Amino acid sequence: MVELLYLACGAAFIVGLKRLGSPRTARSGNRLAGVGMLAAIVITLVSEDIVNWMTVGAGLAVGAALGAWFAIRVQMTSMPEMVAAFNGFGGIASAFVAAVAVIEADLDSIAAETSVSIIVSLIVGSVTFTGSFVAFAKLKGLLPGRPLLFPGNNVVNAALGAGMIGSAIWGAVEAEPTGYWIAAGLALVIGVLGTLAIGGGDMPVVISLLNSFSGVAAAAAGFAIESNALIIGGALVGAAGLILTVQMTEAMNRSLANVLLSGFGSGGGSGAGPGGDSGSGDKPVNRATADDVAIALRYATSVIIVPGYGLAVAQAQHALRDLTNALEEQGISVQYAIHPVAGRMPGHMNVLLAEADVPYELLLDLEQSNPKFHRTDVVLIVGANDVVNTSARDDSGSLIYGMPILTVDAAARVIVVKRSLSPGFAGIDNPLFYESKTQMFFADAKAALEDTLTALKSL
Amino acid sequence: MNTLVVGITVFVLASFVGFELISKVPPTLHTPLMSGANAISGITIIGAITAAGLGGETLAELLGFFAVVMATINVVGGFLVTDRMLEMFKSKSDRDKSRNG
Chain A
34 MVELLYLACG
44 AAFIVGLKRL
54 GSPRTARSGN
64 RLAGVGMLAA
74 IVITLVSEDI
84 VNWMTVGAGL
94 AVGAALGAWF
104 AIRVQMTSMP
114 EMVAAFNGFG
124 GIASAFVAAV
134 AVIEADLDSI
144 AAETSVSIIV
154 SLIVGSVTFT
164 GSFVAFAKLK
174 GLLPGRPLLF
184 PGNNVVNAAL
194 GAGMIGSAIW
204 GAVEAEPTGY
214 WIAAGLALVI
224 GVLGTLAIGG
234 GDMPVVISLL
244 NSFSGVAAAA
254 AGFAIESNAL
264 IIGGALVGAA
274 GLILTVQMTE
284 AMNRSLANVL
294 LSGFGSGGGS
304 GAGPGGDSGS
314 GDKPVNRATA
324 DDVAIALRYA
334 TSVIIVPGYG
344 LAVAQAQHAL
354 RDLTNALEEQ
364 GISVQYAIHP
374 VAGRMPGHMN
384 VLLAEADVPY
394 ELLLDLEQSN
404 PKFHRTDVVL
414 IVGANDVVNT
424 SARDDSGSLI
434 YGMPILTVDA
444 AARVIVVKRS
454 LSPGFAGIDN
464 PLFYESKTQM
474 FFADAKAALE
484 DTLTALKSL
Chain B
13 MNTLVVGITV
23 FVLASFVGFE
33 LISKVPPTLH
43 TPLMSGANAI
53 SGITIIGAIT
63 AAGLGGETLA
73 ELLGFFAVVM
83 ATINVVGGFL
93 VTDRMLEMFK
103 SKSDRDKSRN
113 G
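Here the protein sequences come in this chain order: A and B.
Per our numbering, the first sequence runs over residues 34 to 492.
Per our numbering, the second sequence runs over residues 13 to 113.
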């Protein structure tokens, strides 16, 4: 009976996820999944022989208060960090569940598959925990975004991995708890080192992969405690996270191994500090002022905006919305082209623009945007760089060669709002900035858009 | 069938369902989707409750307590923040309605 009730919760997750797939039904889908979760918690409280009510109640209360506080206070621009942090909490929870199983179980008599499940949950949960919090620190700017590599770091990681698997096998075969704890400790270290070695620009992929991991950890915990609800929920998330990860690496034309192991962004643009003097700093660019931009926009009939992470950093989404509203009032068609890896999380730009009241129909993805650029008068790029870097298309020697880009140079005119000429997260110079049809407006995104709106109104 | 085989069956089928559901989602929803899926992975909370509540050793109870706290943050925070995001997603007709009203 209890199993059937849990099955209903699993069904709620599946239907909820399905409804999350369309903008009209997404909110109800999320709520349905939430109700399923609440039901699962209630069923557990009622059906298990709970004796430590104080402990459980206090844990639920503290967790709910903290979770709600984080969720209500977080700004939409910080969503990638928030998801990373929640993910880390989920991962460590699964690892703790497995750790309790190690302490409580009679290791001599448990089945082999149970010890394997415990180990997987312990290891994957631990990697998810430290990996997520390093990703959090990188996104938050607490750690440098560039890959932190040391000589032979892949060898060290491989050795740690081998040690982890070795001690896990020792722990399982000899029924020795110490083996489990060493494996978990090494997993924590691997999560740190592995994520430190990945550049900040690749954090979206990392978050998505760790999301998948947290699902795997939950599913493994489900095998360990023989709970189908955990297995269903964990497997769903494991698969969902994996598919998003693969879609993202495809959008960058790179393999997952390349993202995780290559230290991407540390080479290539070696001289590419904030000054951006990587050999092209003396090439001339066309500079534009707010008045120039306002005039160009005012006399256009179709405008496409390409937002990037700079928009989020500057909190400029509302200023952008005000500007585009003013353009729409003049009868100018405005749409937004969103690259799959724009921002620090897939779909992050869409959330920011939704926050600023931009209807989702105006947001175009890569396949929808590229055929439109040659019929577009002005492309306004706000805080984006790598996703419009023409060297990905034209320069077979470029590090990002082959990555699908928004082909904005097909438009009649390109205006780039950017703080400086510095290369983006990938550290690669962008030839688009030096083209004759391109104008550079060097300013903070928010100030630039507000000044442009003022200039537009005085035309 | 023993529980292991049942478990593996459930795992494989649920994974396929996950793949099928997610591969068709438009990019515009990827952030809320990830955040919502993340909240679902907090299902480990039911394992955490059992670990904390069944009256084992003190260390187990302590670890169980932290597991419940962490999992609850994941669940409550995850679903709430996803709801906050999705509340903002509006279609053109929604926007025009709210502008005129």
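Cβ coordinates follow ideal geometry from the N, Cα and C atoms, glycine included.
Note that the structure is predicted; figures quoted are calculated from it, not measured.
Residue i - containing beta strand (DSSP E), residue span
i, result
"MET495/A", "A query on residue 495/A cannot be resolved here, the shown segment of chain A reaching from 34 to 492 and no further."
"PRO210/A", "No beta strand (DSSP E) holds PRO210/A; the alpha helix (DSSP H) holding it covers 210-229."
"PRO340/A", "335-340"
"LYS451/A", "446-451"
"SER366/A", "366-370"
Whole-number beta carbon distance between residue j and residue i, since they are thought to touch under 8 Å
i, j, result
"SER165/A", "GLY121/A", "3 Å"
"PHE162/A", "ALA128/A", "7 Å"
"MET412/A", "PHE406/A", "For the sequence presented, residue 412/A should be read as Val rather than Met. Contact flag correct, Cβ pair sits at about 7 Å."
"ASN190/A", "ILE223/A", "6 Å"
"ALA387/A", "LYS102/B", "7 Å"
"LEU66/B", "ASP390/A", "Going by Cβ atoms, the distance from LEU66/B to ASP390/A rounds to 50 Å, so no, they are not a contact pair."
"SER227/A", "GLY178/A", "One detail in the question is off: residue 227/A reads as Gly in this sequence, not Ser. The Cβ separation is near 16 Å, so there is no contact."
"GLY96/A", "VAL81/B", "4 Å"
"THR43/B", "MET112/A", "6 Å"
"ILE58/B", "ALA134/A", "In fact, because the Cβ distance is near 14 Å, the residues do not count as touching under 8 Å."
"LEU465/A", "ASP442/A", "6 Å"
"SER159/A", "ALA220/A", "4 Å"
"VAL225/A", "MET281/A", "Actually they are not in contact, since the Cβ atoms of VAL225/A and MET281/A sit about 22 Å apart, beyond 8 Å."
"ARG320/A", "LEU489/A", "In fact, because the Cβ distance is near 19 Å, the residues do not count as touching under 8 Å."
"PHE46/A", "ALA59/A", "15 Å between Cβ atoms; not a contact."
"ALA349/A", "LEU486/A", "Wrong, their Cβ atoms sit about 11 Å apart, outside the cutoff."
"LEU15/A", "THR110/A", "Residue coverage of chain A in this structure runs from 34 to 492, which leaves residue 15/A outside it and unanswerable."
Residue environment, residue i, which counts as buried when at least 16 other CB atoms sit within 10 Å
i, result
"GLY376/A", "buried"
"GLU1/A", "The structure shown does not extend to residue 1/A, since chain A is modelled only from 34 to 492, so the question has no answer here."
"GLY300/A", "Low confidence applies here, because GLY300/A scores a pLDDT of 46, under 50, leaving its location unreliable; read the following figure in that light. Exposed, since its Cβ has fewer than 16 Cβ neighbours within 10 Å."
"ASP310/A", "Because ASP310/A sits at a pLDDT of 38, beneath the cut-off of 50, its placement in the model cannot be relied upon, and the following sentence gives the value as read from the coordinates. With fewer than 16 Cβ atoms within 10 Å of its Cβ, ASP310/A is classed as exposed."
"ASP139/A", "exposed"
"LYS173/A", "exposed"
"ASP141/A", "exposed"
"PHE169/A", "buried"
"ASP95/B", "buried"
"ALA316/A", "According to the sequence shown, residue 316/A is Lys rather than Ala. LYS316/A is exposed by the Cβ-count criterion."
"ALA305/A", "Per-residue confidence for ALA305/A stands at a pLDDT of 34, beneath the threshold of 50, marking its modelled position as unreliable; no derived number is given."
"GLY54/B", "buried"
"GLU73/B", "buried"
"PRO184/A", "exposed"
"VAL449/A", "buried"
"LYS109/B", "exposed"
"ILE105/A", "exposed"
"THR40/B", "buried"
"PHE91/B", "buried"
"GLY312/A", "Any reading at GLY312/A needs caution, since the residue's pLDDT is 42, under 50, leaving its predicted position unreliable; the model's value is listed next. The residue is exposed, with fewer than 16 neighbouring Cβ atoms inside 10 Å."
Span of the alpha helix (DSSP H), counted from its first residue to its last, around residue i
i, result
"SER127/A", "112-137"
"ARG408/A", "Segment: none, ARG408/A is in no alpha helix (DSSP H) and carries neither H nor E."
"SER103/B", "That residue, SER103/B, is in no alpha helix (DSSP H); it is neither H nor E in DSSP."
"PHE23/B", "15-34"
"TYR467/A", "Where TYR467/A is concerned, there is no enclosing alpha helix (DSSP H), given that its DSSP letter is neither H nor E."
"ASP499/A", "Coverage of chain A is limited to positions 34 through 492, which leaves residue 499/A absent and any answer about it impossible."
"SER245/A", "236-257"
"ASP484/A", "478-490"
"ILE276/A", "261-284"
"VAL326/A", "323-331"
"VAL374/A", "First-last for VAL374/A: undefined, no H or E at that position."
"VAL37/B", "Looking at the DSSP string, VAL37/B is not in any alpha helix (DSSP H), and its letter there is neither H nor E."
"ASN319/A", "Taken as a continuous stretch (DSSP letters only), ASN319/A belongs to no alpha helix (DSSP H), as it is neither H nor E."
"LEU454/A", "Careful: LEU454/A lies outside any alpha helix (DSSP H) and carries neither H nor E."
"ALA290/A", "289-294"
Residue i beta carbon near the ligand SAH (any heavy atom closer than 6 Å)
i, result
"THR228/A", "As for the ligand SAH, it is missing from this structure, which has no ligand bound."
Practice task
Quick one: which unbroken alpha helix (DSSP H) runs of 4-plus residues sit fully inside the segment 45-91 of chain B? Chain order, please.
Solution key: 56-65 and 70-84
Practice task
Please list the segments of the alpha helix (DSSP H) lying wholly inside the segment 141-193 of chain A, counting only runs of 4 or more residues, in order along the chain.
Solution key: You should have 145-173.
Problem - Ranges of the alpha helix (DSSP H) found wholly within the segment 388-440 of chain A, counting only runs of at least 4 - result: Within the segment 388-440 of chain A, the complete alpha helix (DSSP H) segments of 4 residues or longer fall at 399-402 and 424-427, listed in chain order.
Exercise for the section: Can you check the segment 45-125 of chain A for any alpha helix (DSSP H) of at least 4 residues that lies completely inside it and give the ranges in chain order? Expected result: 59-80 and 86-106
Problem - Residues of the segment 89-106 of chain B with Cβ closer than 9 Å to any Cβ of chain A, in chain order - result: GLY89, GLY90, PHE91, LEU92, VAL93, THR94, ASP95, ARG96, MET97, LEU98, GLU99, MET100, PHE101, LYS102, SER103, LYS104, SER105 and ASP106
Exercise for the section: Give the residues from the segment 43-64 of chain A that approach chain B closer than 8 Å (Cβ to any Cβ), ordered along the chain. Expected result: GLY43, PHE46, ILE47, GLY49, LEU50, LYS51, LEU53, GLY54, SER55, PRO56, ARG57, ALA59, ARG60, GLY62, ASN63 and ARG64
Problem - Interfacial residues, the segment 21-37 of chain B to chain A, with Cβ spacing under 7 Å - result: VAL22, PHE23, ALA26, SER27, VAL29, GLY30, PHE31, LEU33, ILE34, SER35, LYS36 and VAL37
Problem - Residues within the segment 264-280 of chain A neighbouring chain B, beta-carbon criterion of under 9 Å - result: If the cut-off is 9 Å between Cβ atoms, the segment 264-280 of chain A has ILE264, ILE265, GLY266, GLY267, ALA268, LEU269, VAL270, GLY271, ALA272, ALA273, GLY274, LEU275, ILE276, LEU277 and GLN280 near chain B.
Exercise for the section: Could you please tell me which residues of the segment 319-337 of chain A, in chain order, have their CB closer than 8 Å to any CB of chain B? Expected result: none
Exercise for the section: Check each residue of the segment 237-251 of chain A: if its Cβ is closer than 8 Å to any Cβ of chain B, include it; give the result in chain order. Expected result: ILE240, SER241, ASN244, SER247, GLY248, ALA250 and ALA251
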